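Novice: Just dropping this structure here.
2 protein chains.
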Amino acid sequence: MLGVGQVPVQELWDKSLRELAVASIVAALEDAGQPAVEALYVGNMLGGELTGQAHLGALVADFAGLAGIEALRVEAAGASGGLAFRLGYLAVASGVHDIVLVTGVEKMTERLDPEVTAALALAHDGDFEMFPGATPAALAAMIMQRYIHEYGVARGDFAIFPLTSHQNAVHNPYAMYRKALTREFYDKAEMTAAPLNILDCSPTCDGAASVVLAPAQVARDLGRPVVRVSGSGVATDTIAVHDRADPLWLAAAARSAALAYQQAGKDPAEIDFFELYDDFSITAALALEACGFAARGQGVRFAHEAGIGLDGRLPICTMGGLKGRGNPDGATGVYQIVDVVNQLRGTAGANQLDCRVGMAQAIGGSGATVVTHILEVEK
Amino acid sequence: MLGVGQVPVQELWDKSLRELAVASIVAALEDAGQPAVEALYVGNMLGGELTGQAHLGALVADFAGLAGIEALRVEAAGASGGLAFRLGYLAVASGVHDIVLVTGVEKMTERLDPEVTAALALAHDGDFEMFPGATPAALAAMIMQRYIHEYGVARGDFAIFPLTSHQNAVHNPYAMYRKALTREFYDKAEMTAAPLNILDCSPTCDGAASVVLAPAQVARDLGRPVVRVSGSGVATDTIAVHDRADPLWLAAAARSAALAYQQAGKDPAEIDFFELYDDFSITAALALEACGFAARGQGVRFAHEAGIGLDGRLPICTMGGLKGRGNPDGATGVYQIVDVVNQLRGTAGANQLDCRVGMAQAIGGSGATVVTHILEVEK
């Protein structure tokens, strides 16, 4: 990783999709020392549906002053940004390109609900989940209800996830909600789809983040901190939750993490922090279990007992995660990588951890596509 | 290439997007001898906008019985299928995966105009071309008018492109228009946007095509014809036509072809046939020039003088191209590869050429993203 850039996540009504993407690219290229970029991979889910613009590889390359280079857009719902990063990593690691730019961008606030919810629902099975009326939040609520029933966890115990994310967002200047939550506030929050309340849901917002990738030797030669990808894995599951043998098991998260662990030669105990995908609180609990940090049904208990704050056994969402920083859908996976890079190279500000190995995981739909990366810093 | 599969291009009102994709996959896997697929790359432009379904990597993998494997969707307007193929090629060539499935799919007839035209317009610059009112056909018409003005070509001389494509489609059971055209019929055709008539425009339609990629040694070991990728290149240009120094020069087509020629160690004279992107007749002329088959301004004359039919110096669109076979947007780039493979391995039926090296080129927008592949058969 030669450089990272991000724009503050907000409802950015005065900025267009292309402006957001370009702002994050300008920041990343400045951070990287203005290398000559050879390719651009854009992670985006809803450019066509919400802003009237597809073909974002060429468009963003053009407006970033890079017309001519190889460019494309990749889409896998909420995993779009993570997959764009994987393509960038593979292009550099395999020697196809030396300097690659990865950009995640999403502009969601140009439309209002129910249009935005309908667009987000495109991540799920249109014919067999959405057409009968399940929204993304409704699916998460049913999974959460089943979890409470199966494992005897109290609804209020899920509060630890949004409370942790919001606490960490306070010191992140790029976060949408820089305000700590209290348990009392959580307990009184409005229900979105019982037992899921509004604080269990990550917000609709706008944002863009970019990363510049290069062979490790380039960073060494420039005397920069060498943060490298040591593990990368993608896996899929049935798109519809009702087709899974166990709706409480994120099989694709488990498989993609296993691929990343295997490539990196690491096990969960060697991961210093985990930028997990807290689109809903329940997803955070299930990701902890699927990735081997907690036993089945023990994700919520693990959060309480081992600790997931900055001083816990496994810090998660260290810059605010999807709940505190915001979840600009196709951009989120790249924001997660930016967070990992900042922690590993010691530029995470007030939230800085003492760390050497970080993991990021992005999830599309209800766990149908999952991409996991392990990054390490040479010290 | 271990196997190819395609569904007949039509207005397929009784088939859903996922059914089309899966039918082409079943055919390709059967042709390939049912290998164990490790990854799926889906090229698709408008699943979200026209059929209410995004996240097609996971969805198609799931309904093809492949849930679990790595999967993603790539989008670059009309170049989507070609870019999906490039990702598949790179994954196999770099050793990331051994057996990769590439699927292009598009379902455009679930909506009517003006919705379909508005969706296709997402390929162009939304803010600076489409918002002021230019449709894709209007842009092509302006380029064609300029070409006629600059190079003194008669409008009727463009007829050679649709006439050739339709003639070749007659014997392709997967083509939409299996009917030859006459020059008289062309001359009387209704204007879409003068000087572009309706026979200069490729049709809106539904379709899906798939290719199975594997290391060449796998095909050799199975005793199958070894068709391999010897050149692959992607390049971009400004997304808006008005930002180009010369609107009659497809810079990205020239650059992507140059990259492919360089990798393959070939020059244009060594290409036996060219599956070019005849979304509009004018694009065919410009592609012949950009790829070095004709001098600037000589594309139409080259077609008449050297010949582009099956017995010409450079056969193009040998199975009907976009005009005769149909142009199911994000699927088209994969159909082109299927056509090249069928020619190279001798399974092109009545249209079979005596050939060893074929080239395919897919174009997004008005030439903003272009991807070129050169394939060769070991004989």
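Here the protein sequences come in this chain order: A and B.
The opening residue of the first sequence carries number -16 in this note's numbering; numbering runs sequentially from there.
The opening residue of the second sequence carries number -16 in this note's numbering; numbering runs sequentially from there.
Built from N, CA and C at the ideal position, the CB exists for glycine as well.
These numbers come from a predicted model, not from an experiment.
Which residue marks the beginning of the alpha helix (DSSP H) containing residue 181/A, and which one marks its end?
Specialist: No alpha helix (DSSP H) contains residue 181/A, which DSSP labels as neither H nor E.
Novice: Between the Cα of residue 332/B and those of 155/B, 124/B, 221/B and 6/B, spot the shortest distance and give me the residue it belongs to.
Specialist: It is 155/B.
Novice: Could you confirm whether any beta carbon from chain B is found closer than 8 Å to the beta carbon of residue 77/A?
Specialist: Yes, residue 77/A counts as interfacial toward chain B.
Novice: I want to verify the contact list: residues of chain A whose CB lies under 9 Å from the CB of residue 442/B, in sequence order.
Specialist: No answer is possible for residue 442/B: it lies beyond the span of chain B, which begins at -16 and ends at 362.
Novice: Run through chain B and tell me which residues come within less than 9 Å of residue 28/A, C-beta to C-beta.
Specialist: In chain order: 31, 37 and 38.
Novice: Can you give me the Cβ contacts of residue 173/A inside the same chain, cut-off strictly under 7 Å, excluding the 5 residues immediately before and after it?
Specialist: So the list reads 180 and 181, once near-sequence residues are dropped.
Novice: Measure from the alpha carbon of residue 158/A to the alpha carbon of each residue in 185/A, 297/A and 279/A, then state which is nearest.
Specialist: If we check each option's Cα against that of residue 158/A, 185/A comes out closest.
Novice: Quick one: does residue 328/A have its CB under 8 Å from some CB of chain B?
Specialist: Not closer than 8 Å to any Cβ of chain B, the Cβ of residue 328/A fails to qualify, so no.
Novice: Can you name, in chain order, every residue of its own chain whose Cβ lies under 6 Å from the Cβ of residue 214/A, other than the five neighbours on each side?
Specialist: Contacts found: 243, 246, 247 and 357.
Novice: Beta-carbon separation of residue 191/B and residue 88/B under 8 Å?
Specialist: Yes.
Novice: Name the DSSP bridge partner or partners of residue 342/B?
Specialist: Paired residues: 257/B and 357/B.
Novice: Are the beta-carbon atoms belonging to residue 61/A and residue 299/A less than 8 Å from one another?
Specialist: Not a contact, by the Cβ cut-off of 8 Å.
Novice: Beta carbon of residue -15/B, beta carbon of residue 211/B: below 8 Å?
Specialist: Not closer than 8 Å, so no.
Novice: With a CB to CB cut of under 8 Å and the five nearest residues on each side skipped, what residues in its chain are close to residue 227/B?
Specialist: The answer, listed in chain order, is 220, 221 and 234.
Novice: Roughly how many angstroms separate the alpha carbons of residue 81/A and residue 54/A, rounded to a whole number?
Specialist: About 14 Å.
Novice: Span of the beta strand (DSSP E) holding residue 92/A?
Specialist: Taken as a continuous stretch (DSSP letters only), residue 92/A belongs to no beta strand (DSSP E), as it is neither H nor E.
Novice: For residue 141/A, which of helix, strand or coil comes out of DSSP?
Specialist: Residue 141/A falls in the helix class under three-state DSSP.
Novice: Taking just the CA atoms, how far does residue 123/A sit from residue 169/A?
Specialist: Going by the C-alpha atoms only, they are around 18 Å apart.
Novice: Quick check: the Cα distance between residue 295/B and residue 239/B, rounded to an integer number of angstroms?
Specialist: Whole-angstrom Cα-Cα distance: 24 Å.
Novice: Going by alpha carbons, who is nearest to residue 304/B out of 259/B, 348/B and 335/B?
Specialist: The residue with the shortest Cα to Cα distance from residue 304/B is 259/B.
Novice: Do residue 132/B and residue 349/B count as a contact pair if the criterion is CB distance below 8 Å?
Specialist: Cβ distance not < 8 Å, so residue 349/B and residue 132/B don't count as in contact.
Novice: Taking residue 106/B as the query, report the chain A residues whose CB atoms sit under 7 Å from its CB, ordered along the chain.
Specialist: In chain order: 37 and 38.
Novice: Give a yes or no on whether the minimum CB-CB distance between residue 220/A and chain B is below 8 Å.
Specialist: Yes, its Cβ sits closer than 8 Å to a Cβ of chain B.
Novice: Considering only residues of the same chain and omitting the five flanking positions on each side of residue 111/B, which have a CB-CB separation below 8 Å?
Specialist: The residues are 223 and 225.
Novice: DSSP state of residue 193/B, grouped into three classes?
Specialist: In the structure shown, residue 193/B sits in a strand (DSSP, three-state: E or B).
Novice: Is the CB of residue 73/B under 8 Å away from at least one CB in chain A?
Specialist: Chain A, which has a Cβ nearer than 8 Å to the Cβ of residue 73/B, makes this yes.
Novice: Need the endpoints of the beta strand (DSSP E) that residue 23/A sits in, please.
Specialist: From DSSP, the beta strand (DSSP E) with residue 23/A extends over 22 to 26.
Novice: Quick one: using the 10 Å Cβ neighbour count with 16 as the cut-off for buried, is residue 337/B buried or exposed?
Specialist: Its Cβ having fewer than 16 others within 10 Å, residue 337/B is exposed.
Novice: Here's the rule: buried if 16 or more other CB atoms are within 10 angstroms of the residue's CB, otherwise exposed. What is residue 287/A?
Specialist: Exposed, by the Cβ-count rule.
Novice: What are the uninterrupted segments assigned as alpha helix (DSSP H) that are 4 or more residues long and contained completely in the stretch 233 to 313 of chain B, given in chain order?
Specialist: Listed in chain order, they are 234 to 247, 264 to 273 and 282 to 288.
Novice: Here's a check: name, in chain order, each residue in its chain whose Cβ is nearer than 6 Å to the Cβ of residue 321/B, leaving out the five neighbours to either side.
Specialist: Correct list, in chain order: -13, -11 and 192.
Novice: If contact is defined by three or more beta carbon pairs under 8 Å, each pair taking one atom from either stretch, is the stretch 315 to 329 of chain B in contact with the stretch 269 to 285 of chain B?
Specialist: Touching, no, given that fewer than three Cβ pairs across the two stretches are closer than 8 Å.
Novice: Using only CA atoms, which one of 362/A, 217/A and 290/A lies nearest to residue 64/A?
Specialist: The candidate whose alpha carbon is nearest that of residue 64/A is 217/A.
Novice: Considering only residues of the stretch 53 to 112 of chain A, which uninterrupted beta strand (DSSP E) runs meet the minimum length of 3 residues and lie entirely inside it, listed in chain order?
Specialist: Listed in chain order, the complete beta strand (DSSP E) runs (minimum 3 residues) inside the stretch 53 to 112 of chain A are 53 to 58 and 83 to 90.
Novice: What number of angstroms, rounded off, separates the C-alpha of residue 138/A from the C-alpha of residue 147/A?
Specialist: Looking at the two C-alpha atoms, the distance is approximately 16 Å.
Novice: Excluding the five sequence neighbours on either side, which residues of its own chain have a C-beta within less than 7 Å of the C-beta of residue 230/A, listed in chain order?
Specialist: Here the set comprises 126, 129 and 224.
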